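The structure under discussion appears below in the form of structure tokens.
Protein chains: 2
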Amino acid sequence: MWLAIGCKSKPMKTYFDCIPCFVNQTLQAVRMVSNDERIHEQVLRRVLEHISEMDMQQSPPAMGQTIHRLIREATGSPDPYREYKRKWNTFSLQLFPELKRRIEDAADPFDTAVRMAVAGNIIDFAARPRVNEAIVRRSISAALSTPWKDTAVETLYREVMRARRILYLTDNAGEIVFDRLLIERLPMENVTVAVKGSPVCNDATMEDAVEAGLKEPVNVIPNGSDAPGTMLKECSVQFKGEFARSDVVIAKGQANYETLSKCNHNVFFILMAKCPVIAREIGCKQENLMVFREFSQGTI
Amino acid sequence: MWLAIGCKSKPMKTYFDCIPCFVNQTLQAVRMVSNDERIHEQVLRRVLEHISEMDMQQSPPAMGQTIHRLIREATGSPDPYREYKRKWNTFSLQLFPELKRRIEDAADPFDTAVRMAVAGNIIDFAARPRVNEAIVRRSISAALSTPWKDTAVETLYREVMRARRILYLTDNAGEIVFDRLLIERLPMENVTVAVKGSPVCNDATMEDAVEAGLKEPVNVIPNGSDAPGTMLKECSVQFKGEFARSDVVIAKGQANYETLSKCNHNVFFILMAKCPVIAREIGCKQENLMVFREFSQGTI
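For the protein sequence lines, the chains are Y and X, in the order given. All residue numbers for the first sequence refer to the UniProt record's numbering, where the first residue is 1 and numbers rise by one. All residue numbers for the second sequence refer to the UniProt record's numbering, where the first residue is 1 and numbers rise by one.
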């Protein structure tokens, strides 16, 4: 069935410009979870070795997966970002009631909920290691005040309202609370939310879905993978079946775009374009908050 | 005699923060001299392999040397930056008469000439690949208008006036014309100017000294090395002898600081601190224009 309905994706390739960024992200990531310079050096050297031999036709998240496997191995911790993830879930939950009220009071609650979801994409240790509360609040203000450039959000609304099965692919911890704001505006009985199968950087796992209060109201499944984004070939049979059966997929964040780009499926991407490579690939400006289906894009 | 007078240096080590920067510089440098993506990829992969195995006790210019050897090998060009170097020599020579007049008209011509020399250090493809004429002019204005924080320039003046042998270590092409402005304020009969033994990035070689009009008025020697800065152990016997016999060394640019730091010799460093690692090492702010002997520093 999988191949029959054409759910193979042709993910984005890795550009040369991604390479200095991988090395930078490695150093920032390993320093967040260890003060031991021997661990920094071990991880850096092994990542450099991997990059020197990498297949550039793979999407950038394949290297993210390798980097974080090496960090977990070197630190001996299965989930080195647990503490950071909890901190950001807690922070986002403190904002939750206020943001929910703003959505309920808005002229167009669905549109406002989409804006909250895209604003939350700023919580991303890989691309924005220095994110803080002030930056998140600025991201919310920007998302609420900038006009959309097209009607992608209206199209998304129409599609989710008539869909029988909606699959929501989460991105980061903390951000998942912002996703909950949007998920609660969807026909929840039709929604399945996917989280990572096991920890990778600050990506949301089942533990984060529970902390975010998402586990009760909707069906949450792990995708079976420890890669950033959604590398379909590595995901579990259960997840791939859910993906294939869904009428609409909502995919959060850059890594989901990088891995599901040109996927022959009805995917709406919601993300902030955090790097120049992605911005060029999508055809927007860096820092733009984007909601789009491929070949049908919208910017706010 | 070499060891007897203690001219071995204990160069700066390579920090983990230098590593993403090496990768970035590789990509920028190879793109400047080739449009062939296969060459970009070949150089990148080989540099990554080298960095994954590098001795971090070496100074950062050791990796610069490797990167540019790989670029020359992959492009098949012995001097891939020749065109850029000529362009910057020509540009700087066009400025030369005006800058020389400003020095002659200044209340303190020596001090003004030092300011011109430090301003010229902005012409550095490795650290500032996007340098342009407007940036150079801003660098000159900044150097002329900011007060020094100590008396290092006065000390330098006293020392060069009583020195029997002065060795001036140049840095980049284009910049060497700015160096000429300072060299012409020194007792030129006592001055030897050193350039790189063979091409590395946009560092000045004998050809640039000739283009800059330096070859006639002073003695110019190659240092025998293709490393950025001055890796003493790789330099020619002639250069090492000149270094050892000099009473005062004037060393331009970051790479000379990185390779001659803690050298047991009378070295005045003149440079712009272009990266946070160097700024931390020297104890100044990034972008500061610095004239100092170690343990006797001055900022403008």
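Ideal Cβ placement from N, Cα and C applies to all residues, glycine included. All figures in this text were calculated on a predicted structure; none of them were measured in a lab.
Neighbour list for residue i in chain Y, Cβ cutoff strictly below 7 Å
{"i": "X:V23", "result": "I19, P20, V23"}
{"i": "X:L48", "result": "L48, I51, S52"}
Residue-level contact to chain Y via CB, residue i, 8 Å cutoff
{"i": "X:S141", "result": "no"}
{"i": "X:H40", "result": "yes"}
{"i": "X:F125", "result": "no"}
{"i": "X:R280", "result": "no"}
Residue from the options with nearest C-alpha to residue i
{"i": "Y:D55", "options": "Y:F91, Y:V218, Y:F16", "result": "Y:F16"}
{"i": "Y:I19", "options": "X:R137, X:N219, X:V47", "result": "X:V47"}
{"i": "Y:D203", "options": "Y:K252, Y:K233, Y:Q238, Y:L232", "result": "Y:K252"}
{"i": "Y:T230", "options": "Y:E281, Y:V200, Y:D208, Y:Q42", "result": "Y:V200"}
{"i": "Y:I67", "options": "Y:K85, Y:L99, Y:F22", "result": "Y:F22"}
{"i": "X:R69", "options": "X:H50, X:E133, X:G241", "result": "X:H50"}
{"i": "X:P228", "options": "X:E133, X:Q65, X:P276", "result": "X:Q65"}
{"i": "Y:A209", "options": "Y:T170, Y:V267, Y:V131, Y:F125", "result": "Y:T170"}
{"i": "X:D111", "options": "X:L144, X:F91, X:R137", "result": "X:L144"}
{"i": "X:E41", "options": "X:L27, X:E53, X:D124", "result": "X:L27"}
{"i": "X:V131", "options": "X:G283, X:I103, X:C284, X:N172", "result": "X:N172"}
{"i": "X:M161", "options": "X:E175, X:T192, X:P187, X:G174", "result": "X:P187"}
{"i": "Y:Q25", "options": "Y:C275, Y:A279, Y:E281, Y:K285", "result": "Y:C275"}
{"i": "X:A126", "options": "X:Q254, X:K285, X:K262", "result": "X:Q254"}
{"i": "Y:V114", "options": "Y:I176, Y:E83, Y:C235", "result": "Y:I176"}
{"i": "X:R158", "options": "X:C284, X:N266, X:K285", "result": "X:N266"}
{"i": "Y:N256", "options": "Y:S236, Y:V237, Y:L232, Y:E207", "result": "Y:L232"}
Buried or exposed by the 16-neighbour rule on C-beta atoms within 10 Å, applied to residue i
{"i": "Y:E287", "result": "exposed"}
{"i": "X:E211", "result": "buried"}
{"i": "X:M290", "result": "buried"}
{"i": "X:A29", "result": "buried"}
{"i": "X:E258", "result": "buried"}
{"i": "Y:M12", "result": "buried"}
{"i": "Y:G197", "result": "buried"}
{"i": "X:R72", "result": "buried"}
{"i": "X:K240", "result": "buried"}
{"i": "Y:K85", "result": "buried"}
{"i": "X:L3", "result": "Low confidence applies to X:L3: its pLDDT is 37, below 50, so where it sits in the model is not reliable, and the reading given next is rough at best. Exposed is the call here."}
{"i": "X:E98", "result": "exposed"}
{"i": "X:E189", "result": "exposed"}
{"i": "Y:D124", "result": "buried"}
{"i": "Y:I135", "result": "exposed"}
{"i": "Y:D226", "result": "buried"}
{"i": "X:T14", "result": "buried"}
{"i": "Y:E133", "result": "exposed"}
{"i": "X:T90", "result": "exposed"}
Any C-beta of chain X under 8 Å from that of residue i
{"i": "Y:W182", "result": "Sequence check: residue 182 of chain Y is Leu here, not Trp. Cβ-Cβ to chain X under 8 Å: no for Y:L182."}
{"i": "Y:S52", "result": "yes"}
{"i": "Y:V291", "result": "no"}
Where residue i meets chain X, residues with beta-carbon distance less than 8 Å
{"i": "Y:R130", "result": "Result: empty, since nearest Cβ-Cβ is about 14 Å, beyond 8 Å."}
Listed by chain order, chain X residues near residue i by CB distance under 7 Å
{"i": "Y:R45", "result": "S52"}
Partners in chain Y for residue i, counting only beta-carbon separations shorter than 9 Å
{"i": "X:L27", "result": "F16, D17, I19, P20"}
Proximity test, Cβ basis, 8 Å: residue i and chain A
{"i": "X:R293", "result": "The question asks about chain A, but that chain is absent: this structure's protein chains are Y and X."}
### Query
Are the stretch 280-297 of chain X and the stretch 71-91 of chain X in contact at 8 Å, needing three or more beta carbon pairs?
In this structure the stretch 280-297 of chain X does not lie against the stretch 71-91 of chain X, because fewer than three pairs of beta carbons, one per stretch, are closer than 8 Å.
### Query
Between the stretch 57-75 of chain X and the stretch 183-190 of chain X, do three or more beta carbon pairs fall short of 8 Å?
no
### Segment contact flag, the stretch 111-120 of chain Y with the stretch 270-279 of chain Y, C-beta cutoff 8 Å, min 3 pairs
Enough Cβ pairs lie closer than 8 Å, so yes.
### the stretch 26-42 of chain Y touching the stretch 25-36 of chain X, judged by at least three CB pairs closer than 8 Å
No: the two stretches stay apart, fewer than three of their Cβ pairs being nearer than 8 Å.
### Message
Between the stretch 157-169 of chain X and the stretch 238-247 of chain X, can you find at least three pairs of beta-carbon atoms closer than 8 Å?
### Response
Pairwise C-beta distances place the stretch 238-247 of chain X in contact with the stretch 157-169 of chain X, as three or more of them are shorter than 8 Å.
### Message
Taking 8 Å as the cut-off, does the stretch 211-221 of chain Y touch the stretch 140-154 of chain Y (at least 3 CB pairs, one atom from each stretch)?
### Response
With a cut-off of 8 Å, the stretch 211-221 of chain Y and the stretch 140-154 of chain Y do not count as touching, because too few Cβ pairs lie within range.
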